[in-house]
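Numbering (this note's numbering), first residue to last: 1 to 349.
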């Protein structure tokens, strides 16, 4: 282990074993708080920054949807829902960070416990339910965001908002965040908000995206818009998504969100059943998310952000070879640790 970077050694030897003894949700906030504290200590902070420098150069830059990314590796929504840790995440070397999912009004989300590790599968099951501090609080934090870091805004609807008024919630978030983010991710694919995935049907989704685009195109600075989709869509539904991208003029697709499937898991079925409902992420969704990326790329030349089961170089390269322009990680941060950016970039070189 001595050849590993300082930050990776600290994470694998000290932080992860302690974190895995804690409730996953509490561990998430504790580890990020510990990292932020470490950055403030002169010697430790300098060592952490040096060890997490991804070492990217001009050859790693890529332009997607009109935005120039320093490299292809970003952080998916859900990790920093409220934009609390943008400086820390920039230090970890991410080329871009997607905050949210944010809803117009603050909401507590689903009852706890609602986040579970499947260590044998290197996966997570979550039924968080769009817990977040609300739109106004996020906007205030984004006003102090690190300069130069590309930030995406992932937007959703409040649980209490019926689907027939869902477009109002998305529009409210879109308008308020527009001056403060570099791109948008429209999340209609979380399995943890009742009825939300019904918005993936072509008619309501077309109306929603057209409404957002009408506002977007009237601004002096047009923001790229991505649609985040579920891995559980059929080929016919994916074809509808491809047509919808063309019809609405959005920039691309984020493939994919978590899955409701539980097939092929090593974790005992009894434990999976005890955990109950929620979206499965991490290594178990890797193959299906790559299939979706490959299918979408075979149908069009729009931008694709590949996410699902990326844990390092080989899995990042797999997504790009399947047709993704950019990749995002989430669960891989839990199992691989903060060196995941360096590992992904090494694989993409």
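Idealized CB from N, CA, C, for every residue including glycine.
| Query | Result |
| --- | --- |
| How about residue 19 and residue 31: are their beta carbons less than 8 Å apart? | yes |
| Could you pull the DSSP bridge partners for residue 219 from this structure? | BP columns for residue 219 are empty, so no partner. |
| According to DSSP, is residue 117 part of a helix, a strand, or is it coil? | strand |
| Within 10 angstroms of the Cβ of residue 263, are there 16 or more other Cβ atoms? Answer buried if so, exposed if not. | exposed |
| Which of the three DSSP states is assigned to residue 252 in this structure? | strand |
| DSSP state of residue 310, grouped into three classes? | coil |
| Do the segment 49–57 and the segment 109–128 make contact, defined as three or more Cβ pairs closer than 8 Å? | no |
| Between residue 248 and residue 209, which are expected to be in contact by the criterion C-beta below 8 Å, what is the C-beta distance as a whole number of angstroms? | 4 Å |
| Between 94, 212 and 47, which has its C-alpha nearest residue 70's C-alpha? | 94 |
| Mapping DSSP to helix, strand and coil, what is residue 148? | coil |
| Is the distance from the Cβ of residue 138 to the Cβ of residue 91 below 8 Å? | no |
| Evaluate the contact criterion for the segment 61–78 versus the segment 311–329: three or more CB pairs, one atom per stretch, below 8 Å. | yes |
| Between residue 289 and residue 307, is the Cβ-Cβ spacing less than 8 Å? | yes |
| If you drop the 5 nearest sequence neighbours on each side, which residues of the same chain put their C-beta closer than 7 Å to that of residue 293? | 255, 304, 306, 319, 322, 323 and 324 |
| So what does residue 259 bridge to, in DSSP terms? | 280 |
| Is there contact here, the segment 153–163 with the segment 172–187, by at least three beta-carbon pairs under 8 Å? | yes |
| Residue 361: buried (16+ other C-beta within 10 angstroms of its C-beta) or exposed? | Only positions 1 to 349 of the chain appear in this structure, which leaves residue 361 out of reach. |
| So does the segment 170–179 actually touch the segment 209–223, counting three or more Cβ pairs closer than 8 Å? | yes |
| By DSSP, does residue 174 sit in helix, in strand, or in coil? | helix |
| Are residue 230 and residue 189 close, meaning C-beta to C-beta below 8 Å? | yes |
| Straight-line CA distance for residue 60 to residue 270? | 45 Å |
| Given a threshold of 16 other Cβ atoms within 10 Å of its Cβ, counted over all protein chains shown, does residue 338 qualify as buried or as exposed? | buried |
| Residues in its own chain within less than 7 Å of residue 16 by CB, not counting five upstream and five downstream? | 337 |
| Please report the straight-line C-alpha distance between residue 309 and residue 131, rounded to a whole angstrom. | 23 Å |
| For residue 101, does the three-state DSSP call read helix, strand or coil? | strand |
| If you draw a straight line from the C-alpha of residue 28 to the C-alpha of residue 104, how long is it? | 24 Å |
| Any idea which residues DSSP pairs residue 65 with across the strands? | Answer is none; residue 65 lacks a bridge partner. |
| Who are the near neighbours of residue 146 in its chain, counting only those whose CB is closer than 7 Å to its CB and skipping five residues on each side? | 86, 87 and 90 |
| Could you check how far apart the C-beta atoms of residue 135 and residue 265 are, in whole angstroms? I think they sit under 8 Å. | Incorrect: roughly 36 Å between the Cβ atoms, too far for contact. |
| Do residue 129 and residue 159 have their CB atoms nearer than 8 Å? | yes |
| Count the other CB atoms, across all protein chains shown, that sit within 10 Å of the CB of residue 351; report buried if there are 16 or more and exposed otherwise. | The structure shown has nothing for residue 351, since the chain only spans 1 to 349. |
| Please classify residue 227: is it buried, with 16 or more other beta-carbons within 10 angstroms of its beta-carbon, or exposed? | buried |
| Here's a check: name, in chain order, each residue in its chain whose Cβ is nearer than 7 Å to the Cβ of residue 202, leaving out the five neighbours to either side. | 240 and 244 |
| Give the secondary structure of residue 132 by DSSP, where H, G and I count as helix, E and B as strand, and everything else as coil. | strand |
| Within a Cβ cutoff of 7 Å, which residues of the same chain sit near residue 170, ignoring the five residues on either side of it in sequence? | 155, 157, 186, 208 and 212 |
| Can you check whether the CB of residue 285 is closer than 8 Å to the CB of residue 259? | yes |
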